[in-house]
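S.K.: All residue numbers for the sequence shown refer to this note's numbering, where the first residue is 649 and numbers rise by one.
Note that the Cβ used here is the ideal one computed from N, Cα and C, for glycine as well.
Take a look at the following structure, please.
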Amino acid sequence: MQINLSGHHVEITDSLRDYVDTKFTKLERHFDHINNVYVILNVEKLNQKAEATLHLDGGEVFATSEHKDMYAAIDSLIDKLDRQVIKHKEKLKSH
Numbered sequence: 649m650q651i652n653l654s655g656h657h658v659e660i661t662d663s664l665r666d667y668v669d670t671k672f673t674k675l676e677r678h679f680d681h682i683n684n685v686y687v688i689l690n691v692e693k694l695n696q697k698a699e700a701t702l703h704l705d706g707g708e709v710f711a712t713s714e715h716k717d718m719y720a721a722i723d724s725l726i727d728k729l730d731r732q733v734i735k736h737k738e739k740l741k742s743h
């Protein structure tokens, strides 16, 4: 799984990059056919925004999350993606 991480109005520190890598590794446990991940971290005034697009076998999953804290925004994003990935996996099984 290749993770492409970029930031808009925010510096991508090593700790932020490690945090994102660790969280996305958790997603891979549920579904190991994740090809590419594009993560964009953005700061808009007081809100920290995290969004990601996952390229999976048989489709694409997108989610976005906002919070006052960037780490909390990433956590929320991972939760949303996790639910979508599981749903996608179930859909593949039923076909």
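1. Output needed for residue 729: all residues of its chain with C-beta closer than 7 Å, excluding positions within five of it in sequence on either side, in chain order.
2. CA-CA distance, residue 745 and residue 668?
3. Which term fits residue 671, buried or exposed, when burial requires 16 or more other beta carbons within 10 angstroms of its beta carbon?
4. Could you tell me if residue 734 is buried or exposed, where buried requires 16 or more neighbouring beta carbons within 10 angstroms of its beta carbon?
5. Need the endpoints of the beta strand (DSSP E) that residue 733 sits in, please.
6. Using a Cβ-Cβ cutoff of less than 8 Å, which residues in the same chain neighbour residue 678 once the five nearest sequence positions on both sides are dropped?
7. Going along the chain, which residues of its own chain have a beta-carbon closer than 8 Å to the beta-carbon of residue 750, five neighbours each way excluded?
8. What distance in whole Å lies between the Cβ atoms of residue 687 and residue 651, which are believed to be in contact at a cut-off of 8 Å?
9. Taking the continuous alpha helix (DSSP H) assigned at residue 670, which residues delimit it?
M.R.: Judging by the given coordinates:
1. Taking the sequence shown and counting its residues from 1, one reaches residue 729 at position 81. Correct list, in chain order: 675, 700, 702, 709, 711.
2. One cannot answer for residue 745 here, as it falls past the ends of the chain, which runs 649 to 743.
3. On the sequence shown, residue 671 is found 23 positions in, with the first residue counted as 1. The C-beta of residue 671 has 16 or more other C-beta atoms within 10 Å across all chains shown, which makes the residue buried.
4. Locating residue 734 in the sequence shown gives position 86, counting from the first residue. Taking all protein chains in view, the Cβ of residue 734 is surrounded by fewer than 16 other Cβ atoms within 10 Å, so the residue is classified as exposed.
5. In the sequence shown, counting from the first residue as 1, residue 733 sits at position 85. In this chain, residue 733 is not harboured by any beta strand (DSSP E); it is covered by the alpha helix (DSSP H) spanning 718–742.
6. If you number the sequence shown from 1, residue 678 lands on position 30. Non-local C-beta neighbours of residue 678 in its own chain, meaning closer than 8 Å and more than five positions away in sequence, comprise 730, 733, 734, 737, ordered along the chain.
7. Here the chain comprises residues numbered 649 to 743, so residue 750 is not present and cannot be evaluated.
8. Reading the sequence shown from its first residue, position 3 is the one you call residue 651. Reading the sequence shown from its first residue, position 39 is the one you call residue 687. About 6 Å; that satisfies the 8 Å criterion.
9. In the sequence shown, residue 670 corresponds to position 22, counting from 1. That run of the alpha helix (DSSP H) goes 662–678.
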